[in-house]
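Working notes for the structure below.
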Amino acid sequence: MNTEEARAAVVDALARIAPEADLDEVDAGGDLRSEIDLDSMDFLGLVEALAESTGVDIPEDDYREVRSLDGLVAYLVRRAA
Amino acid sequence: MTAVAETVQMTYREAIREAIRDAMRRDDRVFLMGEDVGPYGGGFGVSLGLLEEFGPERIRDTPLSESGFVGAGIGAALGGMRPIVEIMTVNFSLLALDQIVNTAASLLHMSGGQFHVPVVVRMTTGAGRQLAAQHSHSLENWYAHVPGLRVVEPATLADARGMLWTALQDPDPVVIFEHGSLYGVEGELPADAGPVDLDRAAVRRAGSDATLITYGGSLPLTLEAAESLAADGVSAEVIDLRTLRPLDTATLVASVSRTHRAVIVDEGWRTGSLAGEISATLMEQAFYDLDAPVQRVCSAEVPIPYARHLEQAVLPSVPRVLAAVREVLDGG
Amino acid sequence: MADYLMPSLGADMDEGTLIEWLVGPGDPVHRGQVVAVVDTSKSAIEVEVFQDGVVGELLVPVGTTVPVGTPLATILEGAAPLPGSAPEVTDESESPAEPEPEVTLPTEAVAMPTGAPPPPPARVSPVVRHHAHELGVDLATVRGSGPDGQPTRHDVDAAARAAQRLRVSPYARRRARELGLDPAIAAPGRPGGVVRAAEIEAAAAAKEKAERPAAAPPPATPAEAMRAAIGQLMARSKREIPHYYLQTSIDLGPAMRWLAEHNTGRPPSERIIPAALLLKAAALAVREVPDLNGFYLDSGFQRSEQIHLGVAVALRGGGLIAPAIHDADTLALVDLMAALKDLVSRARAGRLRGSEMSDPTLTVTNLGEQGAELVHGVIYPPQVALVGFGRVVERPCAVDGAVLVRPVTVATLAADHRVTDGRLGSRYLAALEARLTHPEAL
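Protein chains in written order, with the working numbering: chain X, 100 to 180; chain G, -9 to 322; chain E, -2 to 439.
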């Protein structure tokens, strides 16, 4: 999976969890929890959606790395390789 | 060398002439027949110059016999031609009613679909020029009553220019009414103005407080009434029917559903009028949107008078339309 | 035969809008089946019927707003076909010997009413009903002078005489129906004239103004409507419930460790979030202090045998809703987690059920990771307590004589002083803490 594909998967999953969020306005390096107001339920939903669409399972221990949009994308690219 | 103009100044009469000319050029089967259409140029001057341009085979004077020449025109249509039959006025068409209703309108049905009658009948209609009782009828409603006929009435230059060709494309009879008071009306047309549809009514002025429905020669006065109402803060929507059979009921119902009030301006006599048909249709399809009974402004129930002041009193007028709108807004 | 009434879906609900019928006349229904979708100012709720039977007649067309308690449909017992569609024919004393006329079903958003008058009161004799129909009198507008308020023939005649003076345009009548008004309350523009839509609109505005003198101007958007509804509920809570507040800090170390272990190696669909633990603990703890679980009604406090835990869910885009997880204390933790996920997604999609809105016996509000450290909750009437959890914060704690950094949350209890006092409240918080210290038992 390349960066574009990973980003597309993330954007798609976020659209399902937080349909009203404007992803162009989001700070890609910022913590998604505060950027788009995701709580732990939302975050789990995001992880679930990504597991479904990309096959990448993000264990809880790795949550630290995927707090931001950029972090998520990089993580997916690395794990899907 | 003059630049190509984007619009052309012309009269309603000239627009029809242009339409005939255009049709004759497009299709060799098209020809014009009627009383005095040749050298005289037509009872209302519509075909002036056309004989010189197209010759006597295609611009044909007929005897003073409506029943005869309308029948001949129907025969020509059955034989593969595309005749434009000009009956000088609707008043004289009564003599050809049998041909139009019992032959032209009925043949397709009676022949089990075998014989289409692609005839276009043009006639002048209406009053207001002191032509007295026998020459001032508005009998569009009689024709609009008959299945097998399509009935249209252009009220604008664009429609005068554009309806004829579309009518000639129809494999079945089309009757085109031209209100006598409109022939001299001048306006601007795009230089490339062409055929228009025959299916839809046109919203000539958008509004929200009441819907004014009219056609033909009554359109100018209805628009004038709407202008006057606007000055008093009443927003009237004006709809030009354009097609009298079939009626574009969808447009009418949509408008009344928004405004909740309707006034119909129809130069025919009130009893058995086209306005009555429209009113019944609105009652059937928009009953729960009506905030007041539908008003009709029609000609008074007398033979049309000769004397000018009497004729004007009988026909629909701006003050009568304004009174009807006031009735529909606050009356009852 | 019984009437299916517009249910009350919350203490603050006065009226609802019927936005979709999911059954039609003749359909069999069973207890608990969802039959319609109702819009309250907070959200769209699926409403259930609570008896077995067959749908008789749908009395309220889609798009109509009616007060709570208004009959929405008739439910016939058994599976017999309907005797007919006109109201005067569905009286219970009639045998189904009438021919079956065409039934028009208001299954789509209706711009105009079906033409049937609003349903008459439940008990009107057939003779009077027929007489009213003949005179064109709307039975719903007749004041009955007979026993139990039944309209009599005399009442109908009097109403007919009064009604004769009133003429109403079709559009005005439709607007009156849409606004839930009797056209008779609007006077014509001039004496002896016709009531037009303008008069109906004015009467509706005047009525609303008279009934709600202190209300804010009508909200323009659904979000504003929800805000207004929440505001009213919270104002009522503060007005009527004497709140007292207790708090305790809870070391969530054991709980978070247990959770991490549980979630390791499990796919996301099987993971549990801390909120589920907190909810389970809150539900189990209230078993020990049952006076915090129930409703305070006019007759006093009624304990609830079941623990239906209300979960405060923040809606994306603003607004708060607190639907119930039924019997939360009996659910295994994984099942509670699944129920929570389902509830949150349906809450955000606006597809909650009526019973979820009306049943919570105790509510929990969890501010989550972005929230404040402590929440002084406002109880949702008619409940008598609200449990709150603040943000989990790493704090220095004394553990076995040493100072360690532990994840700590401040749990709060807001409770109704008419029912419990600080002693019972404290007992609850202690029980809560004990449960969270032994997460494996949750």
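Virtual Cβ for every residue (Gly too), placed ideally from N, Cα, C.
In the structure shown, Ala226 (chain G) falls within a strand segment according to DSSP collapsed to helix, strand and coil. In this structure Val34 (chain E) touches Leu19 (chain E) by the C-beta definition: roughly 7 angstroms separates them, less than 8 angstroms. Look at Asp222 (chain G): its C-beta is not under 7 angstroms from any C-beta on chain E. E:Gly50 is the residue among E:Tyr1, E:Val59, E:Gly50 whose C-alpha sits nearest the C-alpha of Pro25 (chain E).
Within the region 130 to 141 of chain X, Arg132, Ser133, Asp136, Asp138, Ser139, Met140 place their CB atoms closer than 8 angstroms to a CB of chain E, listed in sequence order. Within the DSSP bridge table, the entry for Arg72 (chain G) names G:Val20 as partners. Residue range -3 to 1 is occupied by the beta strand (DSSP E) that includes Met0 (chain G). Within chain E, the residues placing a beta-carbon under 8 angstroms from that of Ala282 (chain G) are Ser166, Val191, Arg193, ordered along the chain. Between the region 379 to 395 of chain E and the region 411 to 423 of chain E, the count of Cβ pairs shorter than 8 angstroms is three or higher; the stretches touch. In the three-state DSSP reduction, Asp11 (chain E) falls in the coil class, being neither helix nor strand. When Cβ-Cβ separations below 7 angstroms define contact, Pro219 (chain E) makes no contact with chain X.
Residues of chain G whose Cβ lies closer than 9 angstroms to the Cβ of Ala181 (chain E) do not exist, since the nearest Cβ in that chain is about 17 angstroms away. Shortest Cα-Cα distance from Ala282 (chain E) to any of E:Leu426, E:Ala329, E:Ala199 involves E:Leu426.
Sequence-ordered contacts of the region 256 to 284 of chain E with chain X read Ala257, Asn260, Thr261, Gly262, Pro264, Pro265, Ser266, Arg268, Ile270, Pro271, Ala272 [C-beta pairs closer than 8 angstroms]. Chain X has no Cβ within less than 7 angstroms of the Cβ of Gly374 (chain E). Spanning the alpha carbons of Tyr241 (chain E) and Val155 (chain X) requires a straight line of approximately 48 angstroms.
Excluding five sequence positions before and after Ile197 (chain E), the CB atoms of its chain that fall closer than 6 angstroms to its own CB belong to Ala169, Arg172, Ala173, Ala183, given in chain order. A contact between stretches requires three or more CB pairs, one per stretch, nearer than 8 angstroms, and the region 346 to 359 of chain E meets this requirement with the region 31 to 48 of chain E. Close CB contacts of His127 (chain G) within its chain, under the 6 angstroms cut and outside five residues either way in sequence, are with Val80, Asn81 (chain order).
With fewer than 16 other beta carbons inside 10 angstroms of its own, Asp320 (chain G) counts as exposed.
Contact check for Val318 (chain G) against Ala282 (chain G) passes: the beta carbons are separated by less than 7 angstroms. Listed in chain order, the non-local C-beta contacts of Asp88 (chain G) below 7 angstroms within the same chain comprise Ser57, local neighbours out to five positions each way being set aside. Contact check for Leu231 (chain G) against Glu130 (chain G) fails: the beta carbons are separated by 7 angstroms or more.
By the neighbour-count criterion, in which 16 or more other beta carbons inside 10 Å mark a residue as buried, Tyr296 (chain G) falls on the exposed side. Take Thr212 (chain G), set aside five residues on each side of it, and the residues of its chain with a beta-carbon closer than 7 angstroms to its own are Leu202, Thr204, Val228, Val255, Val311, in chain order. For the region 390 to 427 of chain E, the continuous beta strand (DSSP E) assignments of 3+ residues that do not extend past its boundaries occur at 390 to 396, 399 to 413, in sequence order. In the three-state scheme derived from DSSP, where H, G and I count as helix and E and B as strand, Arg140 (chain E) is classed as coil.
What Ala169 (chain E) touches in chain G, judged by beta-carbon distance under 7 angstroms, is Asp281, going in chain order. Annotation: Glu164 (chain X) has no Cβ neighbours in chain E at a cutoff of 7 angstroms; minimum Cβ distance is about 15 angstroms. Measuring C-alpha to C-alpha distances from Glu267 (chain G) to each of G:Leu219, G:Pro163, G:Tyr133, G:Leu40 identifies G:Tyr133 as the nearest. For the alpha helix (DSSP H) assignment, the uninterrupted runs of no fewer than 4 residues enclosed by the region 247 to 307 of chain E are, from N- to C-terminal side, 250 to 260, 271 to 285. In the structure shown, Arg163 (chain X) adopts helical secondary structure according to DSSP, grouped into three states. Taking the Cα of Gly365 (chain E) as reference, the smallest distance to any Cα among X:Tyr174, X:Asp169, X:Phe142, X:Arg178 is reached at X:Phe142. About 5 angstroms separates the beta carbons of Trp259 (chain G) and Ser289 (chain G), which is inside the 8 angstroms limit, making them a contact pair. By the Cβ neighbour-count rule, Gly422 (chain E) is buried, with 16 or more other Cβ atoms within 10 Å of its own.
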